[in-house]
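Under our numbering, the first residue of the sequence shown is numbered 3, with each subsequent residue one higher.
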Amino acid sequence: MTRLLKNIAVFLLSLIVSLIVIDVFVNYAEIENVSRFSVEPKRGKVLTPNLKVLYLNEGFHIGQVNEYSYLGPGYPPQKDADVFRVALIGDSQVEGEYMFGRSHFRSVLENELKRLSGKKVEVLNFGYGGLDIAGMYCRDVTFASNFKPDLTLYFIGAGDLVAEHDPLNPNCYLKNDSLKIDYTLDQPAYTSYLKTKFFREHSTLVKMLNDGIGLAKEGRTAAIVLDKFYTGFSSPDKGPATEKTTQNGPKEIPELVVAILNGLSRRDDKVLVLMKDFPKEAMPYIQNGKCTTIRLDKVIDQLKSEGIDPQYWPITKKHGHWNHIANQAIGRYLAQQLHAAAIAPSTENQNFSSSQK
Numbered sequence: 003m004t005r006l007l008k009n010i011a012v013f014l015l016s017l018i019v020s021l022i023v024i025d026v027f028v029n030y031a032e033i034e035n036v037s038r039f040s041v042e043p044k045r046g047k048v049l050t051p052n053l054k055v056l057y058l059n060e061g062f063h064i065g066q067v068n069e070y071s072y073l074g075p076g077y078p079p080q081k082d083a084d085v086f087r088v089a090l091i092g093d094s095q096v097e098g099e100y101m102f103g104r105s106h107f108r109s110v111l112e113n114e115l116k117r118l119s120g121k122k123v124e125v126l127n128f129g130y131g132g133l134d135i136a137g138m139y140c141r142d143v144t145f146a147s148n149f150k151p152d153l154t155l156y157f158i159g160a161g162d163l164v165a166e167h168d169p170l171n172p173n174c175y176l177k178n179d180s181l182k183i184d185y186t187l188d189q190p191a192y193t194s195y196l197k198t199k200f201f202r203e204h205s206t207l208v209k210m211l212n213d214g215i216g217l218a219k220e221g222r223t224a225a226i227v228l229d230k231f232y233t234g235f236s237s238p239d240k241g242p243a244t245e246k247t248t249q250n251g252p253k254e255i256p257e258l259v260v261a262i263l264n265g266l267s268r269r270d271d272k273v274l275v276l277m278k279d280f281p282k283e284a285m286p287y288i289q290n291g292k293c294t295t296i297r298l299d300k301v302i303d304q305l306k307s308e309g310i311d312p313q314y315w316p317i318t319k320k321h322g323h324w325n326h327i328a329n330q331a332i333g334r335y336l337a338q339q340l341h342a343a344a345i346a347p348s349t350e351n352q353n354f355s356s357s358q359k
């Protein structure tokens, strides 16, 4: 009996040591990341500053979160007077973790605006995977607005017209027909996060386990195990391209969503970039405001007319987020539309007023 207990103890100790060694190796070899987000009491989920990022799915990306907790060049909150600054707000389609930053439409938009205007332009990417429109609004108010953008672009599709509150993020709500934000995080969820924070921030195995549980809940276990032999799952990506933007959106637009759309439409420093599937039922809530609206139908349809699937990645043979060609086209198109609307910097003048598209 004593020998059996000793063998069990040796086995368990060996297993623990082996897992620690594997965890350290996977982490330092950068085969997998630790959890990419941390939680702050007022802002909720933010990308962990200076965290190295690895993405391998339909696309490929090795990079690093900047010191200010967003992807891309680390422009500080302080803005020089001669700089025109644009903020991007959206879900993982905007976040762009699926490709190198130089190919993402953020870079294209920034370079094109510089070329068209001859001015100093900074485009900051505050995209974050899984955001709906309420989450975008909260992220704008609690995070992006601190960087004093001259324009803020919201990328909105049908699947974003919901208000599913994340307990680890600030909550947007209506009070007397006014939009309010509750910065108090859900206490049980936040307490649970704090208890596991060390392992989330230091263990790749814990992160891989959480990812596996998430995939299992989505019913994707068979697709991953059987790979090409599985025909019941056609698009093994984790982005909104196949999970959110293919949805038709809610049959009735929630009252909170209507209030957010109405509020944004009255701001001349906001631009609503409407995905191809943006529902016509939501158009009345944005048509009579001051903001500029840009529809992506034209550029997406143009690519398809040329035989290019904007969400197909030929190297990995997967569908997912916008591919390289689509990002280039979208970046150029957005720059042209902003410049034509006279709300981006001009070579002739510095006219930052908005007009309805």
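Just so you know, even glycine gets a beta-carbon here, dropped at the ideal spot from N, CA and C. Because the structure is a prediction, the values reported are computed rather than measured.
Span separating the alpha-carbon of residue i from that of residue j
i, j, result
"residue 55", "residue 117", "30 Å"
"residue 181", "residue 132", "21 Å"
"residue 187", "residue 198", "16 Å"
"residue 140", "residue 321", "30 Å"
"residue 311", "residue 62", "18 Å"
"residue 12", "residue 27", "22 Å"
"residue 303", "residue 49", "33 Å"
"residue 260", "residue 287", "7 Å"
"residue 148", "residue 22", "40 Å"
"residue 215", "residue 8", "33 Å"
"residue 295", "residue 336", "11 Å"
"residue 361", "residue 264", "No information on residue 361 is available, as it lies outside the stretch 3 to 359 that the chain covers here."
"residue 5", "residue 218", "39 Å"
"residue 115", "residue 273", "15 Å"
"residue 57", "residue 190", "30 Å"
"residue 52", "residue 69", "5 Å"
"residue 207", "residue 161", "31 Å"
"residue 130", "residue 3", "55 Å"
"residue 307", "residue 19", "57 Å"
"residue 242", "residue 200", "Low local confidence applies: a pLDDT of 42 at residue 242 is under 50, so the model's placement there is unreliable, with the coordinate-based value given in what follows. In a straight line, the C-alpha of residue 242 is about 29 Å away from that of residue 200."
"residue 362", "residue 136", "The displayed coordinates of the chain run from 3 to 359. Any statement about residue 362 would go beyond what the structure contains."
"residue 14", "residue 319", "42 Å"
"residue 16", "residue 98", "40 Å"
Candidates the options: closest to residue i by CA position
i, options, result
"residue 360", "184, 8, 113, 49", "With the chain covering 3 to 359 only, the question about residue 360 has no answer from this structure."
"residue 107", "123, 310, 325", "325"
"residue 47", "8, 101, 284, 168", "168"
"residue 211", "36, 26, 13, 15", "36"
"residue 333", "43, 179, 82, 105", "105"
"residue 192", "42, 60, 59", "42"
"residue 185", "172, 179, 194, 178", "172"
"residue 159", "18, 134, 10", "134"
"residue 317", "174, 3, 38, 60", "60"
"residue 40", "204, 218, 327", "204"
"residue 179", "94, 38, 258, 130", "258"
"residue 339", "297, 327, 14, 309", "297"
Chain-order list of residues whose beta-carbon lies under 6 Å from that of residue i (same chain, five-residue window excluded)
i, result
"residue 157", "92, 96, 275"
"residue 78", "none"
"residue 2", "The chain is shown from 3 up to 359; residue 2 falls before or after that span and cannot be answered."
"residue 1", "Residue 1 falls outside the range modelled here, since the chain spans only 3 to 359, and no answer is possible."
"residue 347", "86, 119, 121"
"residue 202", "37"
"residue 175", "182"
Sequence-distant residues of its chain with Cβ nearer than 7 Å to residue i (five each side left out)
i, result
"residue 331", "301, 305"
"residue 299", "278"
"residue 166", "134"
"residue 142", "91, 154"
"residue 269", "292, 293"
Close-in-space but distant-in-sequence residues of the same chain around residue i (CB under 8 Å, 5 per side omitted)
i, result
"residue 146", "89, 91, 126, 128, 154"
"residue 144", "44, 45, 46, 172, 183, 185"
"residue 152", "86, 87, 88, 271, 354"
"residue 84", "121, 122"
"residue 315", "60, 61, 321, 322, 325"
"residue 327", "305, 310, 312"
Buried or exposed by the 16-neighbour rule on C-beta atoms within 10 Å, applied to residue i
i, result
"residue 124", "buried"
"residue 119", "buried"
"residue 25", "buried"
"residue 177", "exposed"
"residue 138", "buried"
"residue 209", "buried"
"residue 94", "buried"
Distance CB(residue i)-CB(residue j) smaller than 8 Å
i, j, result
"residue 255", "residue 284", "yes"
"residue 323", "residue 100", "yes"
"residue 103", "residue 65", "yes"
"residue 170", "residue 195", "yes"
"residue 67", "residue 329", "no"
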